[in-house]
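Below you'll find the structure, written out as structure tokens, and then a few comments.
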């Protein structure tokens, strides 16, 4: 209980982290809870007259195909977050596990993991994702999340490996080894708790990267077409020339939501960096 109170106090003191979490929760609740108060059929083609400006009936107007923009946005925001979170959790988990194994045990397995990471780092990820998405029939946001995760684990591996290489030489780890503590217990009880801020920062950064990748793929028409997402909304806005036709109510709302989402993730990452590296507090 004392640790929970201490953690809550640290959260309040860290303005970047607390502001980021509040903003992220706002965007999340906007999509998750907001979707409960709308009729999903309003996001269907032909739900209203095409290209209508905001009105009492359609608060954010309609698009070229008569879909209610607000309904489309409320249904698409959770799907976009889903892509980012799936890709981040899968990619960071995989990279963290490899980083722990390679950094702690070293030897040939560490060399192999490091070489594999270096090879993947040299590959233009977005270009490969475009090729894969064009070859595969990506029919769901879940599948898109896993595809993006396949190229989102290298950063977590490098961060985790670097920290583990340093930590395994510290006194408390050496003392644990001398006392006969097994490797798994050392990793999970002695090292992992100290790495949680780094892992959390990698997770938020990976979420932002995955969302950005999904927006790029969807804007090119390579994302799921049967599930609403912010990327798909932007794709149709670009396809029908909403910017040129000055249909601001169509392209501005998804852009604003994305700006708020990326800002929240940036603030969370910066706040976690301050926790992991207290010297940064004096520079902000």
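In the numbering used here, the protein residues as written are 104 to 387.
Virtual Cβ for every residue (Gly too), placed ideally from N, Cα, C.
Since the structure is predicted, the reported quantities are computational estimates derived from the model, not experimental observations.
Of the listed residues the options, nearest to residue i (C-alpha basis)
{"i": "residue 298", "options": "253, 364, 311, 200", "result": "200"}
{"i": "residue 340", "options": "327, 226, 329, 357", "result": "357"}
{"i": "residue 379", "options": "151, 305, 127", "result": "305"}
{"i": "residue 224", "options": "256, 302, 277", "result": "256"}
{"i": "residue 227", "options": "206, 205, 253", "result": "253"}
{"i": "residue 345", "options": "155, 151, 133, 115", "result": "155"}
{"i": "residue 290", "options": "134, 138, 208", "result": "208"}
{"i": "residue 222", "options": "258, 336, 355", "result": "258"}
{"i": "residue 309", "options": "349, 288, 285, 365", "result": "365"}
{"i": "residue 191", "options": "337, 367, 302", "result": "302"}
{"i": "residue 296", "options": "116, 167, 203", "result": "203"}
{"i": "residue 322", "options": "330, 269, 334, 212", "result": "334"}
Contact check, residue i vs residue j, beta carbons under 8 Å
{"i": "residue 314", "j": "residue 186", "result": "yes"}
{"i": "residue 184", "j": "residue 146", "result": "no"}
{"i": "residue 181", "j": "residue 165", "result": "no"}
{"i": "residue 229", "j": "residue 316", "result": "yes"}
{"i": "residue 216", "j": "residue 260", "result": "yes"}
{"i": "residue 332", "j": "residue 244", "result": "yes"}
{"i": "residue 392", "j": "residue 294", "result": "For the chain, the structure presents residues 104 to 387; residue 392 sits outside this window and is missing."}
{"i": "residue 352", "j": "residue 128", "result": "no"}
{"i": "residue 210", "j": "residue 264", "result": "no"}
{"i": "residue 232", "j": "residue 251", "result": "yes"}
{"i": "residue 175", "j": "residue 151", "result": "no"}
{"i": "residue 350", "j": "residue 337", "result": "no"}
{"i": "residue 375", "j": "residue 307", "result": "yes"}
Those residues which DSSP pairs with residue i across a bridge
{"i": "residue 171", "result": "165"}
Supposed contact pair residue j and residue i - C-beta distance, whole angstroms, cut 8 Å
{"i": "residue 407", "j": "residue 149", "result": "For the chain, the structure presents residues 104 to 387; residue 407 sits outside this window and is missing."}
{"i": "residue 312", "j": "residue 320", "result": "13 Å between Cβ atoms; not a contact."}
{"i": "residue 119", "j": "residue 377", "result": "7 Å"}
Below-8 Å beta-carbon distance, residue i vs any chain C residue
{"i": "residue 311", "result": "No chain C appears in this structure, which consists of one protein chain only."}
Sufficient close CB pairs (3 or more, under 8 Å) joining the stretch 118-133 to the stretch 369-382: yes
Segment contact, 8 Å Cβ cut-off, at least three pairs: the stretch 197-214 with the stretch 356-366: no
Cβ contact (3+ pairs, closer than 8 Å) linking the stretch 235-243 and the stretch 266-278: Not touching, per the Cβ criterion.
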